[in-house]
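Which chain is which? The protein sequence lines are A, B, C, D, E and F, in order. Residue numbering for the first sequence follows the numbering used here, starting at 1 and increasing by one per position. Residue numbering for the second sequence follows the numbering used here, starting at 126 and increasing by one per position. Residue numbering for the third sequence follows the numbering used here, starting at 251 and increasing by one per position. Residue numbering for the fourth sequence follows the numbering used here, starting at 376 and increasing by one per position. Residue numbering for the fifth sequence follows the numbering used here, starting at 501 and increasing by one per position. Residue numbering for the sixth sequence follows the numbering used here, starting at 626 and increasing by one per position. One structure is given below, encoded as structure tokens.
Protein chains: 6
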Amino acid sequence: MDDYKRGLEQFRQMVGDEHIDGLIERFKSVCPDFEKEVVSVVGGRIWTRGGIDLKTRSLCSICVLAALGRNSALKLNFQMALNNGATVEEIFEALFQVAAYAGFPAAWDALIKLEEVLDEVEEDE
Amino acid sequence: MDDYKRGLEQFRQMVGDEHIDGLIERFKSVCPDFEKEVVSVVGGRIWTRGGIDLKTRSLCSICVLAALGRNSALKLNFQMALNNGATVEEIFEALFQVAAYAGFPAAWDALIKLEEVLDEVEEDE
Amino acid sequence: MDDYKRGLEQFRQMVGDEHIDGLIERFKSVCPDFEKEVVSVVGGRIWTRGGIDLKTRSLCSICVLAALGRNSALKLNFQMALNNGATVEEIFEALFQVAAYAGFPAAWDALIKLEEVLDEVEEDE
Amino acid sequence: MDDYKRGLEQFRQMVGDEHIDGLIERFKSVCPDFEKEVVSVVGGRIWTRGGIDLKTRSLCSICVLAALGRNSALKLNFQMALNNGATVEEIFEALFQVAAYAGFPAAWDALIKLEEVLDEVEEDE
Amino acid sequence: MDDYKRGLEQFRQMVGDEHIDGLIERFKSVCPDFEKEVVSVVGGRIWTRGGIDLKTRSLCSICVLAALGRNSALKLNFQMALNNGATVEEIFEALFQVAAYAGFPAAWDALIKLEEVLDEVEEDE
Amino acid sequence: MDDYKRGLEQFRQMVGDEHIDGLIERFKSVCPDFEKEVVSVVGGRIWTRGGIDLKTRSLCSICVLAALGRNSALKLNFQMALNNGATVEEIFEALFQVAAYAGFPAAWDALIKLEEVLDEVEEDE
Chain A
1 MDDYKRGLEQ
11 FRQMVGDEHI
21 DGLIERFKSV
31 CPDFEKEVVS
41 VVGGRIWTRG
51 GIDLKTRSLC
61 SICVLAALGR
71 NSALKLNFQM
81 ALNNGATVEE
91 IFEALFQVAA
101 YAGFPAAWDA
111 LIKLEEVLDE
121 VEEDE
Chain B
126 MDDYKRGLEQ
136 FRQMVGDEHI
146 DGLIERFKSV
156 CPDFEKEVVS
166 VVGGRIWTRG
176 GIDLKTRSLC
186 SICVLAALGR
196 NSALKLNFQM
206 ALNNGATVEE
216 IFEALFQVAA
226 YAGFPAAWDA
236 LIKLEEVLDE
246 VEEDE
Chain C
251 MDDYKRGLEQ
261 FRQMVGDEHI
271 DGLIERFKSV
281 CPDFEKEVVS
291 VVGGRIWTRG
301 GIDLKTRSLC
311 SICVLAALGR
321 NSALKLNFQM
331 ALNNGATVEE
341 IFEALFQVAA
351 YAGFPAAWDA
361 LIKLEEVLDE
371 VEEDE
Chain D
376 MDDYKRGLEQ
386 FRQMVGDEHI
396 DGLIERFKSV
406 CPDFEKEVVS
416 VVGGRIWTRG
426 GIDLKTRSLC
436 SICVLAALGR
446 NSALKLNFQM
456 ALNNGATVEE
466 IFEALFQVAA
476 YAGFPAAWDA
486 LIKLEEVLDE
496 VEEDE
Chain E
501 MDDYKRGLEQ
511 FRQMVGDEHI
521 DGLIERFKSV
531 CPDFEKEVVS
541 VVGGRIWTRG
551 GIDLKTRSLC
561 SICVLAALGR
571 NSALKLNFQM
581 ALNNGATVEE
591 IFEALFQVAA
601 YAGFPAAWDA
611 LIKLEEVLDE
621 VEEDE
Chain F
626 MDDYKRGLEQ
636 FRQMVGDEHI
646 DGLIERFKSV
656 CPDFEKEVVS
666 VVGGRIWTRG
676 GIDLKTRSLC
686 SICVLAALGR
696 NSALKLNFQM
706 ALNNGATVEE
716 IFEALFQVAA
726 YAGFPAAWDA
736 LIKLEEVLDE
746 VEEDE
């Protein structure tokens, strides 16, 4: 199986069947090649590596994204973290490490994004 | 037990009895109040929270610090991650999330710091 | 007086009696523990330290937050700077140091946030 | 010709006669001195330097701004890049270097801003 | 030809036959998998894309890396930029955009790294 | 008086007669034009503005530079802050705002740089 297919399966598993088409569409919307690379590289080559479980990988990703303030990917990774088995409480704890090591304001901005994601999850149900 | 004592015990557990005095000395060297705050807040109020295990907390911290390029704390957190039960391979996986989400150069700079830590650990033994 | 109480009083002084409940509510909204820590640590342990006056502390904070693009805390710190006695002109001067040292775009993004705050202050009156 | 006049002419060339007044107004809106400095320094002293063509200078600027997540200046620089002769495809390629070196999420956030600019350009026509 | 081979050829072209083995060794030194990914993704999937010439791609990369202060990759990219046909003067111009958009200190730190690279190039000759 | 002359006088006042030539030399060493711009813009157009005193301007600058980890400019600004009348204790307080708002590791890295500066000042005397 090539990188792209592996990445697509990986993202499907992490965002759910009902959301994968929308996600792919968003990646494609401006630049189709970007979708090809992000699915192949981030999904197919990195997220599939193993060695740490997906929940830990999600918490690590959230920490990177909150530290750098990358909003689009942060929201997506909150959604994927919940699907990868992280509880909201575990996400909070990851964000406390962000508070200590990247400053409280980075954690605050991230919590606001998390709130948006939790509201959307609730509406979905 | 107050924040400072709790933080000191927490750092002692994570850096080892033989390294705690040196660490405290480094925190104090320019600004004694900084030592008091970093031990009380980062050690006593954050690292002691529970909810995720110390190994996961270490991997999260490494991701924040590698993303932001904070060198002193990154080296310390590599050392603490090993003491908190993370294998070198697990640290690698955390850094692959850094590569995907903060760029390969952030992971490269962090790997160079990790190499310094691993060399020092080896000399210690 | 413990850290939390000291922090709450400090924030009350800096945001005003009429805004403190709203602020506490915003800190609490997703993660109650975050409110506890941000009030205790940022308010109670840091802002209360003395050694420089609150206006200078505000200008310093604005510079950190504008450099890193932390939006929620930046807006709050513009409000607190005005209450701590900084004039709009003094805030401008702090942002010129941001322009020189973090680039003009960081100052521009911050000025847009400052404009939002000044508009809200005007509406309040 | 002084820095300010040179800068104003430079920005006029890069944003177009129909947009220059709006841009100047936005720079001035909160802090008139900021407009004076950004036009004189960024426009008059930097963009006019020569040595590389304006299209290359635009792609370089986009890379800095996407890496740092500076939203207001990023949008403006997408507009100026198109006027400086960059194709959308060339902007994509610059953003692939952002993806490799600052992480895919920085490129994603930038692509969303680029989409907004392309939509506005289309409406203009 | 697979991503890795394509990436290896790309890096060989950009660093020169006499430096490629040393570079691969540095990528491998701590984490062999990192070498595999950086060569395949950054070299094989990104640098080979076309659409803009290699010199422009180098200047874009330098801008990202100087803005974020990524030292190891910045030095490598100065070397590759020279091999990709950029003159020192063109690199200076890219760094003036860094000065305007990420602040003068980011350009200053980068110039110090560039000086190290130019000294090494001179010694080589 | 033009921007360059004004900037040179401003830097001379802030680094001292005995250090100004060395500083100018360092700015010039790789790229002479960089010296011209940094002296004219940062020194001549920004530091000379007035509206806040030089000590406050120094503390603001330190906060920006510590948040972003710009090492060369950070060291220079610690030296200038002392000459502008800031005490070491006042610099500490600025760095506590960095700790709260950019994370403790940013303040730690800055304190290590400050220690280098204080050691050099002592040797000078």
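Every residue gets a Cβ at the ideal spot worked out from N, C-alpha and C, and that includes glycine.
In angstroms, rounded to a whole number, what distance separates the CA positions of residue i and residue j?
i                      : j                      : result
residue 726 of chain F : residue 75 of chain A  : 22 Å
residue 745 of chain F : residue 244 of chain B : 30 Å
residue 235 of chain B : residue 191 of chain B : 6 Å
residue 70 of chain A  : residue 320 of chain C : 11 Å
residue 116 of chain A : residue 280 of chain C : 10 Å
residue 674 of chain F : residue 498 of chain D : 41 Å
residue 219 of chain B : residue 78 of chain A  : 17 Å
residue 509 of chain E : residue 708 of chain F : 53 Å
residue 683 of chain F : residue 261 of chain C : 26 Å
residue 53 of chain A  : residue 187 of chain B : 17 Å
residue 354 of chain C : residue 23 of chain A  : 34 Å
residue 221 of chain B : residue 542 of chain E : 13 Å
residue 394 of chain D : residue 693 of chain F : 33 Å
residue 185 of chain B : residue 224 of chain B : 14 Å
residue 72 of chain A  : residue 483 of chain D : 7 Å
residue 297 of chain C : residue 263 of chain C : 11 Å
residue 502 of chain E : residue 396 of chain D : 52 Å
residue 189 of chain B : residue 64 of chain A  : 5 Å
residue 129 of chain B : residue 364 of chain C : 37 Å
Output yes if chain B places a C-beta closer than 9 Å to the C-beta of residue i; else output no.
i                      : result
residue 307 of chain C : no
residue 707 of chain F : no
residue 469 of chain E : Outside the modelled stretch of chain E, which goes from 501 to 625, sits residue 469 of chain E, for which no answer is possible.
Measuring only between beta-carbons, confirm whether residue i sits less than 9 Å from chain E.
i                      : result
residue 406 of chain D : no
residue 695 of chain F : yes
residue 201 of chain B : no
residue 41 of chain A  : yes
residue 323 of chain C : no
Would you say residue i reaches chain A, if we count a Cβ-Cβ gap shorter than 9 Å as a contact?
i                      : result
residue 650 of chain E : Residue 650 of chain E lies beyond the stretch modelled for chain E, which goes from 501 to 625, so this question has no answer here.
residue 729 of chain F : yes
residue 483 of chain D : yes
residue 145 of chain B : no
Could you check whether the Cβ of residue i sits closer than 9 Å to any Cβ belonging to chain F?
i                      : result
residue 590 of chain E : no
residue 302 of chain C : yes
residue 162 of chain B : yes
residue 487 of chain D : no
Could one say the Cβ of residue i lies closer than 9 Å to chain C's Cβ atoms, at least one of them?
i                      : result
residue 381 of chain D : no
residue 469 of chain D : no
residue 86 of chain A  : no
residue 128 of chain B : yes
When you compare each of the options to residue i by their alpha carbons, which one comes out closest?
i                      : options                       : result
residue 170 of chain B : C:262, C:289 and C:340        : C:289
residue 88 of chain A  : B:141, B:128 and B:176        : B:176
residue 590 of chain E : D:431, D:389 and D:383        : D:431
residue 507 of chain E : E:536, E:625, E:573 and E:608 : E:536
residue 356 of chain C : D:388, D:397 and D:402        : D:402
residue 640 of chain F : F:737, F:738, F:724 and F:710 : F:710
residue 267 of chain C : C:314, C:364, C:363 and C:330 : C:330
residue 717 of chain F : B:158, B:237, B:217 and B:239 : B:158
residue 237 of chain B : E:525, E:612 and E:625        : E:525
Determine, for residue i, whether the minimum Cβ-Cβ distance to residues of chain D falls below 9 Å.
i                      : result
residue 315 of chain C : no
residue 25 of chain A  : no
residue 365 of chain C : yes
residue 670 of chain F : yes
Residues of chain G with CB under 7 Å from residue i, in chain order?
i                      : result
residue 549 of chain E : Included in the structure are the protein chains A, B, C, D, E and F, with no chain G among them.
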